[in-house]
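A short worksheet on the structure shown next.
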Amino acid sequence: MKIAIVLNTSWNIYNFRMGLIRSLQAEGHEVHAIAPTDKYSEYLVEAGCVFHKVKMDSRGANPIKDLALTFELFFIYRKLRPDVILHYTIKPNIYGTFAAHLLGIPCVNNVCGLGTVFLKDNFVSWVAKAMYKMAFRFPEKIFFQNIQDQEFFIESKLAPAKHTDLLPGSGIDFNRFAPRQKNANPKKFTFLMVSRLIHDKGVLEYIEAIRLLKSEGIEADFQFLGAKDPLHQRGISVELIDSWIEDKTINYLGTTDDVRDFISAADCVVLPSYREGTPRTLLEAASMQKPIVATDVPGCNNVVDNGKNGLLCAMKDASDLADKMRQMMHLSEEERSQMGAYGRDKVMHNFDEKIVIDRYIETIRQYKSA
9 MKIAIVLNTS WNIYNFRMGL IRSLQAEGHE VHAIAPTDKY SEYLVEAGCV
59 FHKVKMDSRG ANPIKDLALT FELFFIYRKL RPDVILHYTI KPNIYGTFAA
109 HLLGIPCVNN VCGLGTVFLK DNFVSWVAKA MYKMAFRFPE KIFFQNIQDQ
159 EFFIESKLAP AKHTDLLPGS GIDFNRFAPR QKNANPKKFT FLMVSRLIHD
209 KGVLEYIEAI RLLKSEGIEA DFQFLGAKDP LHQRGISVEL IDSWIEDKTI
259 NYLGTTDDVR DFISAADCVV LPSYREGTPR TLLEAASMQK PIVATDVPGC
309 NNVVDNGKNG LLCAMKDASD LADKMRQMMH LSEEERSQMG AYGRDKVMHN
359 FDEKIVIDRY IETIRQYKSA
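Residues in the sequence shown are numbered from 9 upward in steps of one, following our numbering.
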């Protein structure tokens with residue numbers, strides 16, 4: 009079969025979907041990757057994918073650009089004629105579905121999270137819901153990454169219940185993200201946040217919590233790993249980020265192609281996000297036996313059992329976040345180790361990448377027999 013995977017970045021395909029791609033290739037399928045060009049596009053080609061570039065602005069909603077995206081995907085799909093298309097993220101899910109429907113090509117969609125537009129009840133969110141409602145009449149299968157998002161779409165009549173299904177996020181390769189021996193040299197307690205620098209990840213709350221802890225005389229290494237994204241509609245200005253770096257509020261680590269060394273060196277991973285699908289960074293942290301501090305919101309609370317493998321705090325509450333970070337520091341090494349062991353066990357049983365891959369392959373086989 010000829011299978012197309014459509015996403016908003018080549019980086020996303022390469023970092024989060026390569027396990028699925030390799031499994032599809034092992035089944036004898038021809039995999040086509042459709043995404044904007046970046047440095048990971050060539051990695052996809054090296055991995056045996058046929059790459060098709062597409063223009064896609066993942067940062068905002070522009071009706072003219074989005075209409076153009078529908079037509080661009082339509083012409084790619086018409087030329088390619090895949091047997092099934094796998095859509096991920098909001099724009100492929102909506103505009104890719106329209107294009108696929110016009111051509112009569114079956115598609116399987118994955119709602120990786122509700123994103124920025126659903127955090128506020130305004131005109132933009134109304135338009136997004138209307139677009140989802142129109143588009144989601146057509147996919148044969150719609151996967152969600154947490155039960156709350158699935159129920160929201162069903163109850164809001166944005167998707168037919170019979171076409172929805174639940175996956176444990178994008179899954180995790182727990183053999184690759186395995187615990188490592190910690191450096192025996194004494195050092196400061198290390199908190200690590202891994203995320204793009206945008207408001208909705210709770211970056212400002214992390215900064216304020218750090219300042220509260222420092223005002224109490226608490227000494228720790230407050231790290232941040234992730235890309236600056238000032239052009240995002242909820243992005244944070246480079247000037248503000250640089251001021252945090254200059255006054256040493258955070259230890260900014262830049263970006264990386266491999267987070268494992270950074271997670272391994274941390275004592276605790278923090279994610280005060282406003283809402284997630286199933287956050288990959290928390291799966292990676294839990295798989296590497298790291299205790300977690302995160303917000304008690306959909307996605308995060310699917311990975312973290314409060315008091316078992318981490319601590320949950322209130323959303324947009326820097327004081328509560330600081331309190332949970334303080335509590336984490338005051339736990340004994342043995343207590344944090346027990347949290348880490350519980351987290352890895354949970355990941356292995358509930359978030360194994362193989363679960364996700366098997367469900368996709370099972371779904372795709374239905375189209376082959378049809």
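Ideal Cβ positions, reconstructed from N, Cα and C, are used throughout, including at glycine.
**Q.** Opposing strand residues paired with residue 277 [DSSP bridges]
**A.** 200 and 300
(Q) Rounding to the nearest angstrom, what Cα-Cα distance links residue 57 and residue 26 in this structure? (A) Roughly 10 Å between the two C-alpha positions.
**Q.** Contact set for residue 375: own chain, Cβ-Cβ below 7 Å, skip 5 residues either direction
**A.** 91, 92 and 114
Q | N-terminal and C-terminal residue of the beta strand (DSSP E) that residue 319 is part of | A | 318 to 321
Q) Does the Cβ-Cβ distance between residue 176 and residue 23 come in under 7 Å? A) no
Q | Residues bridged to residue 205 (per DSSP) | A | 236
Q) Who pairs with residue 115 in a beta bridge, going by DSSP? A) 93
Q.
Short of 7 Å in beta carbon distance, which residues of its chain neighbour residue 109, apart from the five on each side in sequence? Order them along the chain.
A. 146
Q) When you compare only the Cα positions, how much space is there between residue 344 and residue 373? A) 43 Å
Q: Enumerate, from N- to C-terminal direction, the unbroken alpha helix (DSSP H) stretches of 4 or more residues contained entirely within the stretch 149 to 190.
A: 155 to 163
Q: Could you tell me the distance, in whole angstroms, from the CA atom of residue 262 to the CA atom of residue 282?
A: 22 Å
(Q) Less than 7 Å between the C-beta atoms of residue 197 and residue 228, yes or no? (A) yes
Q) Which whole-angstrom value is the C-beta distance of residue 16 and residue 64, which I expect to be below 8 Å? A) Confirmed, Cβ separation roughly 6 Å.
Q. Going along the chain, which unbroken runs of the alpha helix (DSSP H) with 4 or more residues stay wholly within the stretch 312 to 353?
A. 326 to 338
Q: Could you tell me how far apart the beta carbons of residue 301 and residue 333 are, in whole angstroms, since I believe they sit closer than 8 Å?
A: 6 Å
(Q) Check whether the stretch 244 to 258 and the stretch 286 to 298 touch, using three or more Cβ-Cβ pairs below 8 Å as the test. (A) With the cut-off at 8 Å, the stretch 244 to 258 and the stretch 286 to 298 do not touch.
Q) Which whole-angstrom value describes the C-beta separation of residue 306 and residue 158, a residue pair presumed to lie in contact below a C-beta threshold of 8 Å? A) That pair is no contact at about 10 Å.
Q. Is it buried or exposed for residue 246, if we count other Cβ within 10 angstroms and need 16 for buried?
A. exposed
Q. Does the pairing of the stretch 360 to 367 with the stretch 168 to 184 give three or more beta-carbon distances under 8 Å?
A. yes
Q | For residue 231, the residue or residues it bridges with in DSSP | A | 200 and 259
Q) Which class does residue 27 belong to by DSSP, given the choice of helix, strand or coil? A) helix
Q: Let me know the secondary structure DSSP gives residue 360 once reduced to three states.
A: strand
Q | Inter-residue spacing [alpha-carbon to alpha-carbon] between residue 312 and residue 279 | A | 11 Å
Q: Find the nearest neighbour of residue 342 within the set 275, 14 and 12, judged by alpha-carbon distance.
A: 275
Q: Report yes or no: do three or more beta-carbon pairs, one from the stretch 309 to 323 and one from the stretch 163 to 170, lie closer than 8 Å?
A: Short answer: they don't touch.
Q) Is it the case that the Cβ atoms of residue 37 and residue 12 are separated by a distance below 7 Å? A) no
Q. Which whole-angstrom value is the C-beta distance of residue 271 and residue 298, which I expect to be below 8 Å?
A. 6 Å
**Q.** Of the residues 264, 286, 348 and 203, the one placed nearest residue 154, counting alpha carbons only
**A.** For the residues 264, 286, 348 and 203, the minimum Cα distance to residue 154 belongs to 286.
**Q.** When 18, 54, 121 and 89 are compared against residue 308, the one with the closest alpha-carbon
**A.** 121
Q. Whose C-beta lies closer than 7 Å to the C-beta of residue 204 among residues of the same chain, with five residues either side of it excluded?
A. Cβ neighbours of residue 204 beyond the five flanking positions: 234, 235 and 237.
Q: Run the CB neighbour count on residue 168, radius 10 Å, all protein chains shown included, and call it buried at 16 or more, exposed below.
A: exposed
Q) Where does residue 355 sit, in a helix, a strand or coil, going by DSSP? A) helix
Q) By DSSP, does residue 34 sit in helix, in strand, or in coil? A) helix
Q. Between which two residues does the alpha helix (DSSP H) harbouring residue 293 extend?
A. Bounds of the alpha helix (DSSP H) holding residue 293 are 288 to 295.
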